[in-house]
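Residue numbers (this note's numbering), protein chains in the order written: chain C, 274 to 1049; chain E, 114 to 587.
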């Protein structure tokens, strides 16, 4: 059985040899043109005129277009309100306003410089606080309300009030936004895009160019990383290339430079949250009220769903009897913020983890104890503020197991002793945080997938789904699903490039659900072929004419489970007869029986009532805990992560090694978000940190000195394929433990103060906070 | 005078005649050679995706990792280049590739070719030294690579579990004498290329270089070219004349004499780091977190100095040890103390017809302390740098020079702060006074690397750390 085995990544060999083809690796056609994008020269204002005459004269420039050249210059996943190219109003600095097609990079860049944009400047909104003050909201969540939070808060033994603030995050996928569009006969377009959502890319292109969907095929072989950044925002760039291909009838290639990509595309949403928490002497939360404000940037994009997910995760791993969570997405004049691994979850989860840390400091109780006392457990302490029940005790077990595995209390002692010596000018901190991540798109309709499986006469298989491969290994898991269901070896299966031609109306590969949805659909397709072949074998054994029995009910003595497909052989457990699969396939073909299947899967049993804020939005939860120890340099505020222990509940993992790679990768990406990744803007709103020289993602030296990552295998999750659980996003949230560990370190010098820290905990943030304790 | 660039690419000789010589190697590989395994992400030498391996027959006889995105093709003249396409041996994966496959070292695969190349140098290093790769060594080699997917743990596993196989040693495969014979003769002549309005001159003697610079003072001088490459890629530099010092052998000298060391203008930071490990350990520590191996394998110490940035990491140290720059033109040679070299922000005591040919560092007599603060410890430009040269007497400092970078338009000498310490009669007084004096001497600003307030705090803390590590140890 292939499911459960750590098969190597489907593209591992072509990755390590450099033979994997990414968009810009595709050979150039002789008449191909390059597409360059001009960004807006201000954060806010009216576009009066775009002068292109001079630029058009540059040798090698073959065309320049603005938003007016689109049939419909508008797109948007939730609300169609964003221009592909801004035409009247500038939403943010460096927003695409104009595209140049040129035969060389030099010509294209020269043309960009010669385009003159006349604008009438207007005052931009560049901070979240300003947008809150002006009530410049583009969406308000349905609040979650349970119990009587205000009343209970007033009556609580202790109360704390405060703010939590976190910054945005650049995806820094290594392959920037990229698309190539080949014009075909009859006005059709073949689009190769680095996109998590080929269907949306197809739709946006068709609509913006005035085509029908059937005229646009979008193909995604793989992405050089995506992390949410290519869920919605791949589409407009593909549409720009498509416009050029349509206008010129020449292949058009658009590959953003890293700098342009960072300036033009959206990022993780910064949040500014205000809370009031009431708790008892044991640290048990009795009431929690949070107002969450997300910086959505200039356009709606996916912000409503992201804000909702922040609310869904503001409880963290903790039961809150009386809660009120409210949220607003604020419109500002910044790049339109978008999906990023966690999708609002980290911003919600980190808020409550910060609150718990503060409660522990306030009461002078160990924060781990406070967390365990608040952790979701037995009825009635197992109901989320939105009414979904937690139906297992995994979180409690995870906390307990990690406490032992990380040797928490001994190390707590060591940290305290270390911190007594002030001469070292170093401070250590230790913290455990948890994640309980809701799995399913909260937009219910997206929880569907299709799979197309072709079984060939030689016993090999091509399988196509709507899942896109961005490194996460979904293709490997799909292959394992086929191999297990049909009893084939891995090397006789190919997972094909994702194409809207093979799978239509697909959902984005997002919400950690790529493997859940698509492997389930693949299983369904393979299972139908398997049942058919099993029945054929039954007929063959019993010398029954298949054709004649096909339309009637199978005989009662046929049970498909009696037929085992393994290692290219089909075995009947009743008769103990065997047949080579390849032989059975031949028989099927000669008897005119289909060896292909297109299956559709939808997640059952989920639903959420937006009016009441109650329901069962999630199929299940992926859980995890992490213990992090940090060392802070008191002279510079620099942080070293000394040790991290992670324990992840991924149910029965389909591919443990691939999943562990998701855990370490997600975690370190989260560490970047909470420590070193700083989006730094100029006064005029332009992004200054638009390259790795100034925007610091974690480097290999930033990995923990000791890094223990383990799974917590179990078969509790019967709802999902192979009792597995989704893995993509949840581990990122565990990086909160690094941030709370820094807060913990500071608490050893904060005297009676509760440390206040924004995220990212940059050295300057830490040092200035540390200095605050010296002044009083 | 030759008019072409020749080098070996995965063992086969290449001739470049025209403007392709001015392309970055990554573009040349991807768009002229259809070798698309080499990726470009940042185009500024900060991510390592474009890493290739270069062997210089005159230098240290090793394949070194290099950022191809900021390396012009002309700078490969007479060298041997290996790209990701050259690691495999017919159909057999290189052991490091095999290990990356088995240990799940690739996820999206975009950083992977560059990482595999650097791992191949580590593989050869392990063969040479006949010892296992420590985790720290592996990290040091891979500092110049950004991976956004794996969290690096699977990559470290791949390094640890990689087998060693002498059949894959790169030098044996791609740097044999007979392979070089054809192309090396070319590199022994000066090269002059004219193409698309750009003149490129690669002299083999310093005299020729000075002559050319005298006639063409506007010509851009290239040593390692790591800064120039970034400026060109980001469209911040247009040039018509370039003169590269790459083939002037006398500039490669690192001469260790009794009273001083002379470091030529073409000596790379990697070589300086190797020297510092034996002679100036504080400086070696600083260099170990400064830039990536790919950059240090090409960038030069003199280049870092002449770049003139107020946050140049090496400058405060060089000032603290009274280093002197050797500057030459057709009119002769002169020496300038590095402390006097910087006149204002990015403005130096250097005429357009002059070339800094080397730097003399007197044998270290004093003790030194070097500190650096940055957002990320490794491979990040400093917010604040601190360098002090000192000698301790019975009652306090008998000698003291303090320099700081990142807190003014140039690297600053803190004379007033020094005075307070030097006049101090008691060793544990005066820290507060010195910190106050220091705040008057520095003028930090807010920028992407830290606020002015943060920099002030760091300055004061560095002074306090310096005192605790020196005076308080008496």
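Ideal Cβ placement from N, Cα and C applies to all residues, glycine included.
Exercise. Which class does residue 694 (chain C) belong to by DSSP, given the choice of helix, strand or coil?
Worked result: Three-state DSSP puts residue 694 (chain C) in coil, outside helix and strand.
For this session: Determine whether the Cβ of residue 976 (chain C) lies closer than 8 Å to any Cβ atom of chain D.
Result: Protein chains in the displayed structure are C and E, and chain D is not among them.
Exercise. Under 8 Å between C-beta atoms, does residue 286 (chain C) make it to chain E?
Worked result: Cβ-Cβ to chain E under 8 Å: yes for residue 286 (chain C).
For this session: Report yes or no: is there a C-beta of chain C within less than 8 Å of the C-beta of residue 489 (chain E)?
Result: So yes, residue 489 (chain E) belongs to the interface.
For this session: With 8 Å as the C-beta to C-beta threshold (strictly closer), list the residues of the stretch 1032-1048 of chain C near chain E in chain order.
Result: Across the stretch 1032-1048 of chain C, CB contacts with chain E closer than 8 Å involve 1035, 1036, 1037, 1040, 1041 and 1044, in sequence order along the chain.
Exercise. Candidates C:701, C:765, C:855 and C:375: which alpha carbon is nearest residue 904 (chain C)'s?
Worked result: The candidate whose alpha carbon is nearest that of residue 904 (chain C) is C:701.
Problem set entry | Amino acids of chain E, ordered along the chain, whose beta-carbon sits closer than 7 Å to that of residue 965 (chain C) | By Cβ distance, chain E contributes 155, 159, 160 and 259.
Problem set entry | Strand pairing of residue 921 (chain C), partner residues [DSSP] | Answer is C:897 and C:984, bridged to residue 921 (chain C).
Exercise. If you draw a straight line from the C-alpha of residue 776 (chain C) to the C-alpha of residue 551 (chain C), how long is it?
Worked result: Between residue 776 (chain C) and residue 551 (chain C), the C-alpha separation is close to 51 Å.
For this session: Over the uninterrupted alpha helix (DSSP H) stretch that includes residue 814 (chain C), give me the two end residues.
Result: Its alpha helix (DSSP H) spans residues 787-814.
Exercise. In chain C, what lies closer than 8 Å to residue 586 (chain E) by C-beta?
Worked result: For residue 586 (chain E), there are no neighbours in chain C by C-beta distance under 8 Å, as the nearest C-beta there is about 11 Å away.
Exercise. List, in order along the chain, the chain C residues whose C-beta lies closer than 7 Å to that of residue 404 (chain E)?
Worked result: For a Cβ distance threshold of 7 Å, nothing in chain C lies close to residue 404 (chain E): the least Cβ distance comes to about 11 Å.
For this session: Throw me the rounded Cβ distance for the residue 197 (chain E) and residue 179 (chain E) pair, which I believe falls under 8 Å.
Result: Actually they do not touch by this definition, with Cβ atoms about 13 Å apart.
Problem set entry | Burial state of residue 557 (chain E), where buried means 16 or more other Cβ atoms lie within 10 Å | The residue in question, residue 557 (chain E), is buried, as its Cβ has 16 or more Cβ neighbours within 10 Å.
For this session: Identify the contact partners of residue 223 (chain E) in chain C, using a Cβ-Cβ distance below 7 Å as the criterion.
Result: Chain C residues near residue 223 (chain E): 295, 447, 448, 497 and 498.
For this session: Determine the contact status of residue 337 (chain E) and residue 381 (chain E), defining contact as a CB-CB distance below 8 Å.
Result: Their beta carbons are under 8 Å apart, which means residue 337 (chain E) touches residue 381 (chain E) by this criterion.
Exercise. Along chain C, in chain order, which residues have C-beta atoms closer than 7 Å to that of residue 229 (chain E)?
Worked result: Result: 289.
Exercise. Could you check where the alpha helix (DSSP H) with residue 553 (chain C) kicks off and where it finishes?
Worked result: Careful: residue 553 (chain C) lies outside any alpha helix (DSSP H) and carries neither H nor E.
For this session: Report yes if the C-beta distance between residue 609 (chain C) and residue 570 (chain C) is below 8 Å; otherwise report no.
Result: Taking C-beta atoms as the reference points, residue 609 (chain C) and residue 570 (chain C) count as a pair closer than 8 Å.
Exercise. Does the ligand COA have a heavy atom nearer than 7 Å to the CB of residue 374 (chain C)?
Worked result: In the structure shown, the ligand COA is absent, as is every other ligand, since no ligand is present at all.
For this session: Verify whether the separation of the beta carbon atoms of residue 877 (chain C) and residue 920 (chain C) is less than 8 Å.
Result: Not closer than 8 Å, so no.
For this session: Output the boundary residues of the alpha helix (DSSP H) element that contains residue 395 (chain C).
Result: Unbroken run through residue 395 (chain C): none, as it is neither H nor E.
For this session: Kindly confirm or deny that the stretch 501-515 of chain C and the stretch 466-482 of chain C touch, where touching means at least three C-beta pairs closer than 8 Å.
Result: Judged by Cβ distances under 8 Å, the stretch 501-515 of chain C makes contact with the stretch 466-482 of chain C, as three or more pairs qualify.
Problem set entry | contact_flag[the stretch 443-451 of chain E, the stretch 383-394 of chain E] where n(CB pairs < 8 Å) is 3 or more | No, they do not touch.
Problem set entry | Reference residue 758 (chain C), options C:789, C:1019 and C:797, closest by Cα | Per the Cα distances, C:797.
Exercise. If you count every other CB in all the chains shown that lies within 10 Å of the CB of residue 762 (chain C), and 16 or more means buried, which is it?
Worked result: Classification of residue 762 (chain C): exposed, given that the 10 Å Cβ count is below 16.
For this session: Report yes or no: is there a C-beta of chain C within less than 8 Å of the C-beta of residue 236 (chain E)?
Result: Among the residues facing chain C, residue 236 (chain E) is not included, as its CB has no counterpart in that chain under 8 Å away.
Problem set entry | Chain-ordered neighbours of residue 1053 (chain C) on chain E, where CB pairs are closer than 7 Å | With chain C running from 274 to 1049 in the structure shown, residue 1053 (chain C) is simply not present.
Problem set entry | As assigned by DSSP and simplified to three states, the class of residue 870 (chain C) | Of the three classes helix, strand and coil, the one that applies to residue 870 (chain C) here is strand, per DSSP.
Exercise. Residue 509 (chain C): which of C:699, C:308 and C:742 sits nearest, CA to CA?
Worked result: Considering only alpha carbons, the answer is C:308.
Problem set entry | Buried/exposed call for residue 353 (chain C), threshold 16 Cβ in 10 Å | Note on residue 353 (chain C): under 16 other CB atoms within 10 angstroms of its CB, so exposed under the neighbour-count rule.
Exercise. When the Cα atoms are used, what is the spatial distance from residue 123 (chain E) to residue 201 (chain E)?
Worked result: Taking the straight line from one Cα to the other gives about 11 Å.
Problem set entry | Chain-ordered residues of the stretch 942-960 of chain C with a beta carbon less than 8 Å from chain E | Closer than 8 Å at the C-beta level to chain E, one finds these residues of the stretch 942-960 of chain C: 942, 949, 951 and 953.
Problem set entry | Of the residues E:472, E:526, E:283 and E:551, the one placed nearest residue 364 (chain E), counting alpha carbons only | Residue nearest to residue 364 (chain E) within the set E:472, E:526, E:283 and E:551 is E:472 (criterion: CA-CA distance).
Exercise. Taking only runs of the alpha helix (DSSP H) that begin and end inside the stretch 294-379 of chain E, which ones reach a length of at least 4 residues, in chain order?
Worked result: Entirely contained in the stretch 294-379 of chain E, the alpha helix (DSSP H) runs reaching 4 residues are, in chain order, 319-328 and 339-346.
Exercise. Interface residues of chain E around residue 292 (chain C) at Cβ under 8 Å?
Worked result: Here the neighbours are 150.
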